[in-house]
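Residue numbers (the numbering used here): 403 to 816.
Heads up, the thing below is written out as C-alpha cells.
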C-alpha cells in the first residue's frame, strides 16, 4: 500500500512503502558513495596529480563536503517554491556531468574544483530527501522511515571502499568517477519516472526575501531545531574526522592498506546494525531516550579508545572493536537528531532542512578537517575527536532540553 502521509500532506508519493524507502535510501546513498569510494584511491590520486603532502589529499573529501553543505541553503527555498521533484532530478543530472568532469581532470586544482561543484549538485539529494520524507511523515513515523532508509543506504558506504578498490582493478582512479556518473544517472531516471511531487500546493512559499528571512528566523529561533542541529554538527564532525583519517591510519600506522576495506566494512556493519535497531525500538522508546543514551555511550568509548591510543598499545584488533562500538552509537544518533531538529518546523521543511543541513554539514566538515589535519601517526587525534566533540554535543543537548535528558518535554511529540 502507498506510504501514509502526515496530516494535511499528500498521502501518495506514487510508490508503495518499500519502493519509496528504497528510492529514498538510494538517493541518500549518492553522496556517501561519492565520498567513501574515493578513500582507497587517495594515494593514487596524490601520485597522479603530484600531491606530495599526504594530509593535503584529504581535501578531495573535504572540498566535496563543503560544497555539499553550502549549497543546501539554496535548494530549500527553491524546493519550497517550485517543488521537490524538478530540483531533485536536476541535481542528479548535474552530479552525473560533474562526475565525468572530475574523472577527466588533469591537475589537483581542477579535480578539487570539480569536486566542489559535484558536492553542490549532490546537495539537492540531502535537502530534498529529508523534505520529501517530511512531506509524507511526521514525528516517530518520520524517524522510523529515516532510520530504515539510513540502514539501507549504509550498505553502500560499508562496501564503497571495496567497490572503489575493485573498480581500480580494471583501470585507474578515474573509473570511480565514471561509475558515480552512471549510478547518479540511474537514480535520476528512476526518480523522474516514478516519484510524484510531494509538496502540496498549499505549502508552497514564494521566493521572497521576507518569506525566506521569516523561515530562517523561525528555524534559528526554535530552541529544539537549533540545538539538535548544532549537536548533529558535532557528531558529524567526529564522523568526518574518521573518514579523513582512516586511510592514513591503515597505511601509516598498521601498514595494512589491503585490509582497510574489510575493516571499514566491519565498522560500517556496526552502524547498519544500529540503524536497524533504531528502526525497531524508536517508536516504542522515543527518539530522546535512544539518542541521548547513544551519545553518552559514544563519549565513554571515545575516552576508552583515547586511553588505549595514549598507552601505545593500539592494535588493528583494538581499533576495529572500539571503533565499531563507537560507530554503533553514532548509528543511533544521526537520524534521531535530524528528526528532532525538524519536528517543530515541518511547515517550512524545505528551508529548515536547508539551514540545518548547511550548519551541520559545513560545521561538521570543518571540525572533521581539523581532526584529520591533526593526524600525527597515531590514532589519538581521531579518538580524541570523538571524545571532545561528543562531549560538546552532550552539553548542547543538555542546554537544549533545559537540563533534562532521555524523555520529551510536554511540548514535544517524540
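Even for Gly, the Cβ is constructed at its ideal location relative to N, Cα and C.
When the distance is taken between beta carbons, is residue 792 closer than 8 Å to residue 700?
Counted from its first residue, the chain shown places residue 700 at position 298. Counted from its first residue, the chain shown places residue 792 at position 390. Contact: yes.
Let me know the secondary structure DSSP gives residue 454 once reduced to three states.
Position 52 of the chain shown, counted from the first residue, corresponds to residue 454. Correct three-state label for residue 454: coil.
Between residue 708 and residue 612, which are expected to be in contact by the criterion C-beta below 8 Å, what is the C-beta distance as a whole number of angstroms?
Stepping through the chain shown from its first residue, residue 708 is reached at position 306. Stepping through the chain shown from its first residue, residue 612 is reached at position 210. Wrong, their Cβ atoms sit about 49 Å apart, outside the cutoff.
Going straight from the alpha carbon of residue 444 to that of residue 742, what length do you get?
As a working mapping, residue 444 is identified with position 42 in the chain shown. As a working mapping, residue 742 is identified with position 340 in the chain shown. Residue 444 and residue 742: Cα-Cα distance of roughly 36 Å.
Closest by CA to residue 523, which one among 539, 503, 732, 536?
Counted from its first residue, the chain shown places residue 523 at position 121. Answer by Cα proximity: 503.
What residue does the alpha helix (DSSP H) around residue 631 start on, and which one ends it?
Taking the chain shown and counting its residues from 1, one reaches residue 631 at position 229. Residues 625-650.
Burial state of residue 506 (16 or more Cβ within 10 Å)
Sequence index remark: in the chain shown, residue 506 carries index 104 (1-based). When all chains shown are included, residue 506 counts as exposed.
Identify, in the order they occur along the chain, each residue of the same chain with its Cβ nearer than 6 Å to the Cβ of residue 736, setting aside the five sequence neighbours on each side.
Position 334 of the chain shown, counted from the first residue, corresponds to residue 736. So no residue of the chain qualifies.
Can you tell me where the alpha helix (DSSP H) with residue 466 in it begins and where it stops?
In the chain shown, the residue the question calls residue 466 occupies position 64. 461-472 is the extent of the alpha helix (DSSP H) around residue 466.
Among 731, 654, 757, nearest to residue 480 - alpha-carbon criterion
Along the chain shown, one-based indexing puts residue 480 at 78. Here the closest residue by C-alpha is 757.
Let me know if residue 509 comes out buried or exposed under the rule of 16 or more other beta-carbons within 10 Å of its beta-carbon.
Position 107 of the chain shown, counted from the first residue, corresponds to residue 509. Answer is exposed; the Cβ neighbour count stays below 16.
Is the beta carbon of residue 578 less than 8 Å from the beta carbon of residue 589?
For this step, residue 578 is matched to residue 176 along the chain shown. For this step, residue 589 is matched to residue 187 along the chain shown. In this structure, residue 589 does not lie closer than 8 Å to residue 578 by Cβ.
Nearest to residue 744 (by Cα), restricted to the options 459, 424, 537:
By one-based count along the chain shown, residue 744 stands at place 342. The shortest C-alpha separation from residue 744 is found at 537.
Where does residue 609 land, buried or exposed, given buried means 16+ other C-beta within 10 angstroms?
Translated into positions along the chain shown, residue 609 becomes position 207. Answer is exposed; the Cβ neighbour count stays below 16.
Is it buried or exposed for residue 516, if we count other Cβ within 10 angstroms and need 16 for buried?
Your numbering for residue 516 matches position 114 in the chain shown. Residue 516 is buried by the Cβ-count criterion.
Quick one: what does DSSP say residue 481 is sitting in, helix, strand or coil?
Sequence index remark: in the chain shown, residue 481 carries index 79 (1-based). The three-state secondary structure of residue 481, taken from DSSP, is helix.
Given this structure, state the Cα-to-Cα distance separating residue 740 from residue 622, to the nearest angstrom.
In the chain shown, residue 740 corresponds to position 338, counting from 1. In the chain shown, residue 622 corresponds to position 220, counting from 1. So the alpha carbons of these two residues sit roughly 15 Å apart.
What number of angstroms, rounded off, separates the C-alpha of residue 413 from the C-alpha of residue 490?
Here residue 413 is taken as the residue at index 11 of the chain shown, counted from 1. Here residue 490 is taken as the residue at index 88 of the chain shown, counted from 1. Confidence in residue 413 is poor, its pLDDT being 45 and thus under 50, which makes the residue's placement unreliable; the coordinate value appears in the next sentence. When rounded, the distance between both Cα atoms is 19 Å.
Could you check where the alpha helix (DSSP H) with residue 744 kicks off and where it finishes?
Taking the chain shown and counting its residues from 1, one reaches residue 744 at position 342. Residue 744 -> alpha helix (DSSP H) spans 736-744.
If we call anything under 8 Å between Cβ atoms a contact, is residue 717 one with residue 668?
The count along the chain shown starts at 1 and reaches residue 717 at position 315. The count along the chain shown starts at 1 and reaches residue 668 at position 266. For residue 717 and residue 668, no; Cβs fall outside 8 Å.
Contact check, residue 817 vs residue 531, beta carbons under 8 Å:
Any answer about residue 817 is impossible in this case: the structure gives the chain only from 403 up to 816.
Need the endpoints of the alpha helix (DSSP H) that residue 694 sits in, please.
To locate residue 694, count along the chain shown from 1; it is residue 292. Residue 694 -> alpha helix (DSSP H) spans 689-713.
Relative to the C-alpha of residue 877, which residue among 486, 576, 453 is closest?
A query on residue 877 cannot be resolved here, the shown segment of the chain reaching from 403 to 816 and no further.
Hey, would you say residue 689 sits closer than 8 Å to residue 545, going by beta carbons?
On the chain shown, residue 689 is found 287 positions in, with the first residue counted as 1. On the chain shown, residue 545 is found 143 positions in, with the first residue counted as 1. In contact: residue 689 and residue 545 (Cβ atoms closer than 8 Å).
Buried or exposed (CB count within 10 angstroms, at least 16 for buried), residue 719
What you label residue 719 is simply residue 317 of the chain shown in a count that begins at 1. It counts as exposed.
Should residue 696 and residue 734 be called a contact, given that it needs their Cβ atoms to be closer than 8 Å?
As a working mapping, residue 696 is identified with position 294 in the chain shown. As a working mapping, residue 734 is identified with position 332 in the chain shown. In contact: residue 696 and residue 734 (Cβ atoms closer than 8 Å).
C-alpha gap between residue 767 and residue 664, whole angstroms:
Locating residue 767 in the chain shown gives position 365, where the first residue counts as 1. Locating residue 664 in the chain shown gives position 262, where the first residue counts as 1. Those two C-alpha atoms are separated by around 25 Å.
Would you check if the distance between the CB atom of residue 781 and the CB atom of residue 626 is smaller than 8 Å?
Translated into the one-based positions of the chain shown, residue 781 becomes position 379. Translated into the one-based positions of the chain shown, residue 626 becomes position 224. Not in contact: residue 781 and residue 626 (Cβ atoms no closer than 8 Å).
Would you identify the three-state DSSP class for residue 814, choosing helix, strand or coil?
As a working note, residue 814 is residue 412 in the chain shown. Per-residue confidence for residue 814 stands at a pLDDT of 49, beneath the threshold of 50, marking its modelled position as unreliable; the derived number appears in the next sentence. Here residue 814 sits in coil by DSSP.
Straight-line Cα distance separating residue 482 from residue 494:
Here residue 494 refers to the residue found at position 92 of the chain shown. Here residue 482 refers to the residue found at position 80 of the chain shown. Between residue 494 and residue 482, the C-alpha separation is close to 18 Å.
Comparing alpha-carbon positions, which option in 581, 807, 687 lies nearest residue 497?
Reading the chain shown from its first residue, position 95 is the one you call residue 497. Residue 497 has its Cα closest to that of 581, out of 581, 807, 687.
Residue 605 versus 435, 465, 617, 595, residue with shortest Cα-Cα distance
By 1-based counting over the chain shown, the position of residue 605 is 203. Selected option, being the one with the closest Cα: 617.
Could you name the residues of the same chain whose beta carbon sits closer than 6 Å to that of residue 518, not counting the 5 residues immediately before and after it, in chain order?
Locating residue 518 in the chain shown gives position 116, counting from the first residue. Excluding residues within five positions, the ones whose Cβ falls inside 6 Å are 465, 469.
Which same chain residues, not among the five before or five after residue 694, have their C-beta less than 7 Å away from its C-beta?
Here residue 694 refers to the residue found at position 292 when the chain shown is read from its first residue. 799, 807, 808, listed in sequence order.
Supposed close pair residue 594, residue 425 - CB separation, criterion 8 Å
Residue numbering aside, residue 594 sits at position 192 when the chain shown is read from its first letter. Residue numbering aside, residue 425 sits at position 23 when the chain shown is read from its first letter. Incorrect: roughly 11 Å between the Cβ atoms, too far for contact.
Are the beta-carbon atoms of residue 474 and residue 418 separated by less than 8 Å?
Residue 474 sits at position 72 when you count from the first residue of the chain shown. Residue 418 sits at position 16 when you count from the first residue of the chain shown. No. Outside cutoff.
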